[in-house]
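2 protein chains.
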Amino acid sequence: MLSTAADITPHFQERIKHALTVLEQSLPRDSILPVLPKTDVLDVTDIPRACGLLSDWELEITEQYDATELVKQLAARKITAVALLHAFRKRASIAHQLTNCLTELLPEAVGAAEAADDYIAKTGKTLGPLHGLPVSLKEQIAILGHATHAAFVAWIDKKTERDANLVASLKAMGAIVFARTAQPQSFMHLETSNNIYGATVNARNRNLTAGGSSGGETALLSLHATPLGFGGDIGGSIRAPASLNGVWGFKPSVGRISGAGVVVPWPGCDSIHGTLGAFTRSLRDLDLFHTAYSSTQPWLDDPSILPYPVSIQSSAPLRKPLRVGIMKTDGVVRPLPPVQVVLEKIIEKLSVSPLVEVVPFEPLDHDKAWKVITANYWEDGGAKIEQLCAESGEQLRPLTQWMVDQCRTNEAAVGKTTQDRRAARDTFRSRYCEHWNASNVDAVIAPVTPNTAPPLDTSRSWGYTAIWNLMDYPAVAFPASEMVGAYGIDLSTRTYEPTNDTEAYLLKHYNPHVSQNMPVGLQMVTRKWMDSECLAAAALVERILVEGT
Amino acid sequence: MLSTAADITPHFQERIKHALTVLEQSLPRDSILPVLPKTDVLDVTDIPRACGLLSDWELEITEQYDATELVKQLAARKITAVALLHAFRKRASIAHQLTNCLTELLPEAVGAAEAADDYIAKTGKTLGPLHGLPVSLKEQIAILGHATHAAFVAWIDKKTERDANLVASLKAMGAIVFARTAQPQSFMHLETSNNIYGATVNARNRNLTAGGSSGGETALLSLHATPLGFGGDIGGSIRAPASLNGVWGFKPSVGRISGAGVVVPWPGCDSIHGTLGAFTRSLRDLDLFHTAYSSTQPWLDDPSILPYPVSIQSSAPLRKPLRVGIMKTDGVVRPLPPVQVVLEKIIEKLSVSPLVEVVPFEPLDHDKAWKVITANYWEDGGAKIEQLCAESGEQLRPLTQWMVDQCRTNEAAVGKTTQDRRAARDTFRSRYCEHWNASNVDAVIAPVTPNTAPPLDTSRSWGYTAIWNLMDYPAVAFPASEMVGAYGIDLSTRTYEPTNDTEAYLLKHYNPHVSQNMPVGLQMVTRKWMDSECLAAAALVERILVEGT
């Protein structure tokens, strides 16, 4: 699936070849599929089970337990870190061969797992609250002793001088960092494709994107090939891939997870901050991570982090009933039928519960929001990205070029100087805050994307996610279609009449027969820094949807 | 004391005349000094008592009680809001005639005080936790229905469309906003002089500055002419005037007090944030305000505010003993003898207490810090300030010009683009955080300024305060010389050999006989967002210094 541009310099072509060799050699020998499925095999979700490379125990341990359960079993010494790691290494390797989601498996993880087992054997104690748990990371989260290229060919050899703060914290919690995953060129795609590794595809339909920019993580997670992963989100890069793969993804407010040591092509860019966040298969796993992470006091090493814990338990008491706004459309692009169906079912199920009061939530100028956030992403108009590409000779990929064009157009439209554009941002934030207060809602449930996973290189609708980056409100994407039983519903009779070019573009890439079996996520949004309340609200809604009470 | 530049346009000269008339007419008729003291009367602190305009009760109520006690008496209906207001209005007017500290007294305060008295009489309840307490504000904190010019002649008629968020909160707490105070042109002086009202002088020695940029507040407070005031601090503008006037001033971390609705000439400027903060005559008054303010949940109307309370009670438990670093010099400019003496006495008194462990705290590259913060103050190099001055024809005052020059020189030195300069900021912050952690201190006590109040137009040493704006660490200035009994100590035998130009400049404006009777403040600093811990640490140190235990 490699699609390097022809004009990458020979030196860098060599370096790419080397990086691919490093990746290939990092895969365990006992995890190599004897025959790769043909490209017309679109749904590969059964292959890890069917391929015969995983033992029954390995299948069980990777499929049946979430991180919370695994951590319990590790602490109780019912499983060893080494055996668990081996199962996930194999499964991640298989996932990679099916979806192209890894940049490397980390060989040092084996030693770390052995050390964890030794420690608990000798002391009877765990190394920390995530003792022995394998964890995967988007490649940009730097790891000491490895190159961290952030998907730029020019940086392919860029050695990391230290672990990113999150990596150090994970190690301090006893976790085993074992896999690094793919990301798109510039990070500014809701897909995952770059000129080093090519595109990461969706395990449920390999014609479609795994989402992005943290799509490597969700490709792994959707194939049960990691129990806990981390990506970044500056416009939807955690929530969109989580939603398109049917898993949980939490974009906290900025100031909750340290981004120190994460490689981005825009150091010092301050107008819109991205944040790291976790991917899991359950809400309680998000709570597990944040509770454990808070206990490490990450604010001591990174003063940009709020010195307050995040966890469901730390939430202020929720209003009873919780007043939940439902946003059916952002007023810019109406969601396609698969998303509409899930929204209808959510409303239906929540409306009968005495625990929540469901009200409509109207969007406020989301078209303006898109202009304001894109005008503020880069202070150099994307010059650094172009410069990095020019250094190696790599082309801007179509989605990168599209985003650079969007940003430049909107920069000019929103304000002459960075100060002007930032003032526009602040004005918008104030207006939206007033709007939220006037709506008198505690939380909002909204679409994450207007569609299910789209065909490769067609993702252009960031509006539903980017609004909450502009506002810096915490938002957790949850696997809504699974929770409300919306998979497989026949969508062919539902019509969608486009009312503008964006909707027409969306419809052009929509196929109801394909979409009806793809996951749809929604997001739960709360006020800025109400991260604990966001998780607590999600827990309440999960309880109503899943347990019916 | 008016010192408008000759080339201010006739239109604006008229408008200035009008503003001065508004100010003059706002002063109560029964507060006008029959004869102003001659300009060679330097210490005017006794005049409010000696002038005969204040009754014994008015003297007692303004001098003997802090805000905490006043609020108690108001709530117990031992005093009325109207009588209290009248006492402070008279005293503020007298203070103004002596130091030139006001921009206006607010006539509507009288009605607000009457309404407060009516309310408590009818309901038996207070309007809120600051029921009936007169409060003064730096003029830039906008008040509905009044012009807010932020000391720019060009904005002298600029009507305010709404109350600043802090004003709305103060009203919601039951406080009576009664006075608006002077600030310097551009806010970027540690003094208080502008082309509308001239210079605000120090009540203890009118040849010297009251400090700035919130010097109007501290001139009031030092003459017992307000029980609670508010200013802003982006480089020392709360702590420096507090220190030079012997009162308390707290610069919290950014994100604690809403700055929404505060007028600044750099909207959208995001690299270094200023913050509002309170001035009081006691530490418990700072706690009173923050406790009350937190109870209004200011984060609901301004999402840039952390949704967590600030108060001594909210502090995490302090380490026992508290490890306090003492910074004797910033390595750029050594403090003059009056500050040295206070530092020595603090160390002496704290060292014998079992409650604290006193250790030296070494500065880290504070010369670099100054370059980095000044390079990041403005993204337009001060162009907006020059433009505003040009609009009316007012000259840049010498201290404004000095600061513009500092910023431009350092911008060029620190980085080519705003992104580069911000990256330098982030790098510095990381290094300093590591340094703080390596020092293993819970709090640092440091000088606020290297000198006592200097002669007008000579203040150029911001380094001791600006470092904590760069770091965004909370810092509370406390009246140290009073607390350790260091007033009046003969300084004439102490030598000071300048080792660089800055020290030579400082020495040139130093007179030990003048300085020995001027207050010296110090500041207590804690980690970012450890605002409650900062107040709690100050409370511990106060207890040791004042009560000896």
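Heads up: the protein sequence lines correspond to chains W and P, in order. Here our numbering runs 514 ahead of the position in the first sequence, where the first position is 1. Here our numbering runs 514 ahead of the position in the second sequence, where the first position is 1. Note that beta-carbon positions come from the ideal geometry of N, C-alpha and C, so glycine has one too. These numbers were taken from a predicted model, which means no experiment stands behind them.
Chain-ordered chain P contacts of residue i [CB-CB under 8 angstroms]
{"i": "W:Gln697", "result": "Correct list: empty, because the minimum Cβ distance to chain P is about 21 angstroms."}
{"i": "W:Gln1037", "result": "None at all; the shortest Cβ gap to chain P is about 18 angstroms."}
{"i": "W:Ser785", "result": "Asp784"}
{"i": "W:Asp940", "result": "Pro781 and Gly782"}
{"i": "W:Arg911", "result": "What W:Arg911 touches in chain P: nothing, since even the nearest Cβ is about 23 angstroms away."}
Where residue i falls, given that 16 or more other Cβ within 10 Å makes a residue buried
{"i": "W:Leu516", "result": "With a pLDDT of only 41 at W:Leu516, under 50, the local geometry of the prediction cannot be trusted, and no value is derived from it."}
{"i": "P:Asp844", "result": "buried"}
{"i": "W:Trp813", "result": "buried"}
{"i": "W:Pro849", "result": "buried"}
{"i": "P:Ser736", "result": "buried"}
{"i": "P:Asn709", "result": "buried"}
{"i": "P:Ser995", "result": "buried"}
{"i": "P:Pro868", "result": "exposed"}
{"i": "W:Asn1025", "result": "exposed"}
{"i": "P:Gly646", "result": "buried"}
{"i": "P:Val553", "result": "Here residue 553 of chain P is Thr; the residue named in the question, Val, does not match the sequence. Its Cβ having fewer than 16 others within 10 Å, P:Thr553 is exposed."}
{"i": "P:Glu618", "result": "buried"}
{"i": "W:Ile608", "result": "buried"}
{"i": "P:Thr518", "result": "Note that P:Thr518 scores a pLDDT of 49, beneath 50, so its modelled location is shaky; the value from the coordinates is reported in the next line. P:Thr518 comes out buried."}
{"i": "P:Thr1040", "result": "buried"}
{"i": "W:Glu1047", "result": "buried"}
{"i": "W:Lys1022", "result": "exposed"}
{"i": "W:Val886", "result": "buried"}
{"i": "W:Trp1043", "result": "buried"}
Cβ-Cβ separation, residue j to residue i (assumed contact under 8 angstroms), whole Å
{"i": "W:Leu612", "j": "W:Ile561", "result": "6 angstroms"}
{"i": "W:Gly725", "j": "W:Ala967", "result": "6 angstroms"}
{"i": "W:Leu790", "j": "W:Val776", "result": "7 angstroms"}
{"i": "W:Phe701", "j": "W:Ser751", "result": "7 angstroms"}
{"i": "P:Gly896", "j": "P:Val918", "result": "4 angstroms"}
{"i": "W:Thr582", "j": "W:Ser796", "result": "7 angstroms"}
{"i": "P:Leu644", "j": "P:Val585", "result": "6 angstroms"}
{"i": "P:Arg911", "j": "P:Gln699", "result": "5 angstroms"}
{"i": "W:Thr714", "j": "W:Glu653", "result": "The pair is not a contact, with the Cβ atoms about 12 angstroms apart (cut-off 8 angstroms)."}
Contacts of residue i in chain P (Cβ-Cβ under 7 angstroms)
{"i": "W:Cys565", "result": "Within chain P, no residue comes near W:Cys565; the closest Cβ sits about 46 angstroms away, beyond 7 angstroms."}
{"i": "W:Ile1043", "result": "For the record, residue 1043 of chain W in the displayed sequence is Trp; it is not Ile. Simply Leu820 and Pro821."}
{"i": "W:Gln827", "result": "In chain order: nothing, as chain P lies at least about 16 angstroms away."}
{"i": "W:Arg833", "result": "Chain P residues near W:Arg833: none, gap ~13 angstroms exceeds 7 angstroms."}
Any C-beta of chain B under 8 angstroms from that of residue i
{"i": "W:Glu574", "result": "Here chain B cannot be found, since the structure's protein chains are W and P."}
Cross-chain neighbours of residue i in chain W, by beta carbon under 8 angstroms
{"i": "P:Asn951", "result": "Leu814 and Asp815"}
{"i": "P:Ala937", "result": "Pro781 and Gly782"}
Any non-hydrogen atom of the ligand SAH closer than 7 angstroms to residue i Cβ
{"i": "W:Asp677", "result": "For the ligand SAH, the structure offers nothing, since it holds no ligand at all."}
Contacts that residue i makes with chain W (C-beta to C-beta distance below 7 angstroms)
{"i": "P:Asp557", "result": "Ordered by position in chain W, no residue passes the 7 angstroms Cβ test against P:Asp557, which lies about 42 angstroms from the chain."}
{"i": "P:Thr932", "result": "Glu893 and Thr932"}
Within chain P, partners of residue i - CB distance below 9 angstroms
{"i": "W:Arg676", "result": "The contacting residues do not exist; W:Arg676 stays about 11 angstroms from chain P at best."}
{"i": "W:Arg529", "result": "Going along chain P, no residue has its Cβ under 9 angstroms from W:Arg529, so there is no contact; the nearest lies around 26 angstroms."}
{"i": "W:Arg837", "result": "Residues of chain P passing the Cβ test: none, with the nearest at roughly 14 angstroms."}
Practice task
Note down, one range per segment and in chain order, each beta strand (DSSP E) of at least 3 residues found wholly within the region 641 to 691 of chain W.
Solution key: Taking only runs of at least 3 residues, the beta strand (DSSP E) segments lying wholly in the region 641 to 691 of chain W are 648 to 652.
Handout entry: Secondary structure, beta strand (DSSP E): runs of 3+ residues fully inside the region 761 to 820 of chain W
Key = Listed in chain order, the beta strand (DSSP E) elements of length 3 or more contained wholly in the region 761 to 820 of chain W are 762 to 765 and 789 to 794.
Exercise for the section: With 7 angstroms as the limit, tell me which residues of the region 945 to 969 of chain W have their beta carbon closer than that to any beta carbon of chain P; keep them in chain order. Expected result: Going along the region 945 to 969 of chain W in chain order, one finds Cys947 and Asn951 with a Cβ nearer than 7 angstroms to chain P.
Problem - Unbroken stretches of the beta strand (DSSP E), 3 residues or longer, contained in the region 832 to 915 of chain W - result: Listed in chain order, the beta strand (DSSP E) elements of length 3 or more contained wholly in the region 832 to 915 of chain W are 836 to 840 and 870 to 874.
Handout entry: Any alpha helix (DSSP H) of 4 or more consecutive residues that is wholly inside the region 967 to 1031 of chain P
Key = If only complete runs of 4 or more residues are kept, the region 967 to 1031 of chain P shows the alpha helix (DSSP H) at 977 to 985, 994 to 998, 1015 to 1022 and 1026 to 1029, in order along the chain.
Handout entry: Where the region 859 to 893 of chain P meets chain W: residues whose CB sits under 7 angstroms from a CB there
Key = Among the residues of the region 859 to 893 of chain P, those with a Cβ less than 7 angstroms away from any Cβ of chain W are Glu893, in the order of the chain.
Exercise for the section: Determine which residues of the region 760 to 791 of chain W have a Cβ less than 8 angstroms from any Cβ of chain P, and write them out in chain order. Expected result: Among the residues of the region 760 to 791 of chain W, those with a Cβ less than 8 angstroms away from any Cβ of chain P are Ala774, Trp780, Pro781, Gly782, Cys783, Asp784 and Ser785, in the order of the chain.
Practice task
Using a Cβ-Cβ cut-off of less than 9 angstroms, list which residues of the region 917 to 932 of chain P approach chain W; keep chain order.
Solution key: Listed in chain order, the positions of the region 917 to 932 of chain P with a beta carbon within less than 9 angstroms of a beta carbon of chain W are Gly929, Thr931 and Thr932.
Practice task
Pick out the complete alpha helix (DSSP H) segments inside the region 578 to 617 of chain P, 4 residues or longer, and give them in chain order.
Solution key: Runs of the alpha helix (DSSP H) inside the region 578 to 617 of chain P: 581 to 589 and 595 to 613.
Handout entry: Complete alpha helix (DSSP H) runs within the region 700 to 753 of chain W (minimum length 4 residues, chain order)
Key = Segments of the alpha helix (DSSP H) lying fully in the region 700 to 753 of chain W: 729 to 736.
Exercise for the section: Could you run through the region 717 to 732 of chain W and flag, in chain order, every residue whose CB is less than 9 angstroms away from some CB of chain P? Expected result: Of all residues in the region 717 to 732 of chain W, none comes within less than 9 angstroms of chain P when Cβ atoms are compared.
Problem - Residues in the region 597 to 622 of chain P having any Cβ partner in chain W nearer than 9 angstroms - result: The region 597 to 622 of chain P vs chain W, Cβ under 9 angstroms: nothing.
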